[in-house]
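Undergrad: Protein sequences appear in the order of chains C and X. Under this note's numbering, the first residue of the first sequence carries the number 49, and numbering increases by one thereafter. Under this note's numbering, the first residue of the second sequence carries the number 49, and numbering increases by one thereafter.
Protein chains: 2
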Amino acid sequence: MTTRPFHHGNLRAVLLEQAEGMLRTVGSDGLSLRELARQAGVSHGAPRSHFIDRQALLDALAEQGFDRLTRAVRSAVDGAESARVGFDRVAQAYVDFAIEDAALMELMFAAKTGARPGAVQEAAGRLFGALDDVMGPSGPTMADGARDTFKLLFGATMQGIAALVASGRIARAQGDVLVTAAMAMLLDSELGREVVTRH
Amino acid sequence: MTTRPFHHGNLRAVLLEQAEGMLRTVGSDGLSLRELARQAGVSHGAPRSHFIDRQALLDALAEQGFDRLTRAVRSAVDGAESARVGFDRVAQAYVDFAIEDAALMELMFAAKTGARPGAVQEAAGRLFGALDDVMGPSGPTMADGARDTFKLLFGATMQGIAALVASGRIARAQGDVLVTAAMAMLLDSELGREVVTRH
DNA sequence: ACCTGAACACCGTTCAAGT
DNA sequence: ACCTGAACACCGTTCAAGT
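(1) Whole angstroms are fine: how far does the CA of PRO95(C) sit from the CA of LEU59(C)?
(2) Please classify SER215(X): is it buried, with 16 or more other beta-carbons within 10 angstroms of its beta-carbon, or exposed?
(3) By alpha-carbon positions, which one of ARG72(C), GLY93(C) and SER76(C) ends up nearest to ARG5(C)?
(4) Using a Cβ-Cβ distance cut-off of 8 Å, determine whether ILE100(X) contacts chain C.
(5) Helix or strand or just coil, what does DSSP make of ASP77(X)?
(6) With 8 Å set as the bound, which would you pick, yes or no: does the beta-carbon of VAL243(C) sit closer than that to a beta-carbon of chain X?
(7) Going along the chain, which residues of its own chain have a beta-carbon closer than 8 Å to the beta-carbon of GLU242(X), five neighbours each way excluded?
(8) Are there 16 or more other CB atoms within 10 angstroms of the CB of THR245(C), so buried, or fewer, so exposed?
(9) Ends of the alpha helix (DSSP H) at VAL143(C)?
(10) Count the other CB atoms within 10 Å of the CB of ALA221(C); is the residue buried (16 or more) or exposed (fewer)?
(11) Assuming contact is defined by CB atoms lying nearer than 8 Å, are ASP236(C) and SER237(X) in contact in what I supplied?
(12) Along the stretch 162-186 of chain X, what residues have a CB closer than 7 Å to any CB found in chain C?
(13) Is the shortest distance between the beta-carbon of ARG52(C) and the beta-carbons of chain X less than 8 Å?
(14) ARG217(C) CB to nearest chain X CB: under 8 Å?
(15) Looking only at C-alpha atoms, which of ALA131(C), ALA158(C) and PHE198(C) sits nearest to PHE114(C)?
(16) Taking just the CA atoms, how far does GLU129(C) sit from SER76(X)?
(17) Return the residue from the list LEU117(C), GLY57(C) and MET206(C) that minimises the CA-CA distance to THR228(C).
(18) Straight-line CA distance for LYS199(X) to ALA108(X)?
(19) Consult DSSP for PHE176(X) and reduce its assignment to one of helix, strand or coil.
(20) Report yes or no: do the stretch 116-134 of chain X and the stretch 122-138 of chain C share at least 3 C-beta pairs separated by less than 8 Å?
(21) Give a yes or no on whether 8 Å exceeds the smallest Cβ distance from PHE157(X) to chain C.
(22) In terms of residue numbering, what span does the alpha helix (DSSP H) encompassing ARG96(X) cover?
(23) Which whole-angstrom value describes the C-beta separation of ALA204(X) and LEU212(C), a residue pair presumed to lie in contact below a C-beta threshold of 8 Å?
(24) In the DSSP assignment, find the unbroken alpha helix (DSSP H) run with THR228(C) in it and report its ends.
(25) If the cut-off is 7 Å on Cβ atoms, which residues from the stretch 86-97 of chain X count as contacting chain C, listed in chain order?
(26) Span of the alpha helix (DSSP H) holding VAL244(X)?
(27) Please confirm whether GLN207(C) has its beta-carbon closer than 8 Å to some beta-carbon of chain X.
(28) Quick check on the burial criterion: 16 or more other C-beta atoms within 10 angstroms. Buried or exposed for GLY78(C)?
(29) Which residue wins for smallest C-alpha separation from ALA230(C), given the options SER97(X), LEU152(X), LEU201(X) and LYS160(X)?
(30) For a test of the three-state rule: what should DSSP assign to GLY162(C), helix, strand or coil?
(31) Could you tell me the distance, in whole angstroms, from the CA atom of MET183(X) to the CA atom of SER97(C)?
(32) So if I threshold CB-CB distances at 7 Å, which residues from the stretch 103-119 of chain X count as touching chain C?
(33) Measure the alpha-carbon distance for GLU68(X) versus ASP196(X) and round it to whole angstroms.
(34) According to DSSP, simplified to helix, strand and coil, what is PRO157(X)?
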């Protein structure tokens with residue numbers, strides 16, 4: 049038998065997994081390092097070996113969140129027969145994620161009081177990059193930055209809709225209506241028709 | 049002379065004003081009731097007479113924020129010669145507010161872990177109502193809910209753009225580009241042309 | 001009605017010490 | 001390299017007591 053049951057070299061991963069669950073139940077305000085350590089069966093000082101402070105844990109959670117959302121986006125794109133269907137599925141995956149893990153989403157897009165570490169920004173960049181795959185190849189006459197504008201507008205709109213649902217301001221069903229309306233608006237716009245090519 | 053310099057019957061207002069400033073510098077995580085009491089020159093138990101707990105103070109801040117944003121929206125609409133100009137000005141005011149007071153904006157649209165008190169939801173409703181004034185009178189052939197869909201989409205998009213800027217993901221200038229693109233998209237869309245009448 | 005101040009449980013962070 | 005456990009300063013909340 050061993051006095052260190054499972055967390056032998058993987059305490060960091062265990063803490064992150066537990067923290068993600070705790071985030072869903074008590075929110076980021078209620079997330080406590082000491083409680084996390086207790087649940088993991090280690091001393092309250094143990095997390096220090098993996099996260100320099102509480103903010104470092106929150107940043108790691110945000111980074112992990114971006115990577116998970118990126119995977120969800122990629123998987124939504126896979127097998128979509130057109131850019132239009134791909135975008136509709138990505139939009140739904142995006143909003144689903146943001147509602148299911150509202151506190152995590154807030155962490156990912158939180159206003160930076162201090163400077164954000166590079167790892168989080170890079171993970172955000174990977175999400176941004178995944179959206180390229182939905183848009184198809186870049187056209188020859190495409191204006192500089194038009195694709196970026198479209199991608200950012202897409203992300204901003206989905207995140208805004210999800211925030212309305214997560215805050216209880218509107219019902220989930222109305223959120224779906226907004227997603228449909230937003231996608232029609234985005235894809236049928238001049239910018240959308242210029243930028244989203246078929247594939 | 050008096051031992052209670054200024055806070056005599058208005059401690060609540062003083063605490064709220066200080067808290068709003070504190071929110072800008074340290075964020076909502078760093079907002080401490082005891083520090084607030086210290087700055088106001090009262091004992092650490094004094095805030096309890098006005099806010100039952102920390103969450104009650106945060107809710108009061110959110111409510112106050114909605115009312116201030118509502119005033120900003122109303123003032124942006126005043127004197128606008130057309131719905132189009134009105135919406136452009138409202139959009140700018142909205143994003144300005146959200147960037148200047150990013151932490152407050154997060155509080156206003158935060159995911160509800162517990163139930164939100166009615167006062168906050170009502171203040172949010174007043175903001176929503178102010179947007180009606182920008183849209184002009186409702187047309188006779190207008191589909192049910194189309195106006196609501198448009199208003200919500202407008203708010204969601206602006207909030208999403210502001211979150212991208214506030215989180216340092218994009219620069220302020222790029223945020224302005226997104227606002228312009230979003231307004232063109234919204235107003236030129238089928239929904240927009242149906243819903244925004246001239247006045 | 002509003003504020004004081006002691007008391008309590010909890011927290012994040014630091015750090016010397018162990019393995 | 002990773003974890004323990006004491007120590008410290010700080011916090012939210014409660015509550016009897018004062019005015």
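Yeah, the Cβ is synthetic: ideal placement off N, Cα and C, and Gly gets one too. Since we're looking at a predicted model, the values are computed, not measured.
TA: Let's see:
(1) Roughly 8 Å separates the two Cα atoms.
(2) Buried is the call here.
(3) There is simply no residue 5(C) to check, as chain C begins at 49 and stops at 247 in what is shown.
(4) False, the Cβ-Cβ gap to chain C never drops below 8 Å.
(5) In the structure shown, ASP77(X) falls within a coil segment according to DSSP collapsed to helix, strand and coil.
(6) False, the Cβ-Cβ gap to chain X never drops below 8 Å.
(7) Taken in chain order, the residues that qualify are GLY187, MET190, ALA191 and ALA194.
(8) Burial state of THR245(C) is exposed, judged by a 10 Å Cβ sphere holding fewer than 16 other Cβ atoms.
(9) Boundaries of the alpha helix (DSSP H) harbouring VAL143(C): 131-148, taken from the DSSP string.
(10) Exposed: under 16 other Cβ atoms inside 10 Å.
(11) In contact: ASP236(C) and SER237(X) (Cβ atoms closer than 8 Å).
(12) Within the stretch 162-186 of chain X, the qualifying residues are ARG164 and ALA172.
(13) Caution is warranted here: a pLDDT of 48 is assigned to ARG52(C), below 50, making its placement in the model unreliable, and the coordinate value is therefore given only provisionally. Closer than 8 Å: no.
(14) So, interface residue.
(15) Closest by alpha carbon: ALA158(C).
(16) Whole-angstrom Cα-Cα distance: 45 Å.
(17) Taking only the C-alpha atoms, the option nearest THR228(C) is MET206(C).
(18) Cα-Cα distance, rounded: 25 Å.
(19) The answer is helix: DSSP assigns PHE176(X) an H, G or I state.
(20) In short, these stretches do not touch, since the Cβ pair count stays below three.
(21) Contact with chain C is found for PHE157(X), since one of that chain's Cβ atoms lies less than 8 Å from the residue's Cβ.
(22) Annotation: ARG96(X) is outside any alpha helix (DSSP H) and is labelled neither H nor E by DSSP.
(23) So it is a contact: roughly 6 Å between Cβ atoms.
(24) If you look at THR228(C), you'll find it in the alpha helix (DSSP H) that goes 220-236.
(25) Interface annotation for the stretch 86-97 of chain X against chain C: empty, criterion Cβ-Cβ distance under 7 Å.
(26) Taken as a continuous stretch (DSSP letters only), VAL244(X) belongs to no alpha helix (DSSP H), as it is neither H nor E.
(27) So, interface residue.
(28) Exposed, by the Cβ-count rule.
(29) Of SER97(X), LEU152(X), LEU201(X) and LYS160(X), the residue nearest in Cα terms is LEU201(X).
(30) Three-state DSSP puts GLY162(C) in coil, outside helix and strand.
(31) Separation of MET183(X) and SER97(C) (C-alpha to C-alpha, rounded to the nearest whole angstrom) is 56 Å.
(32) If the cut-off is 7 Å between Cβ atoms, the stretch 103-119 of chain X has nothing near chain C.
(33) Put simply, the backbone Cα of GLU68(X) is about 30 Å away from that of ASP196(X).
(34) A small fix is needed here, since residue 157(X) is Phe in this sequence, not Pro. In the three-state DSSP reduction, PHE157(X) falls in the coil class, being neither helix nor strand.
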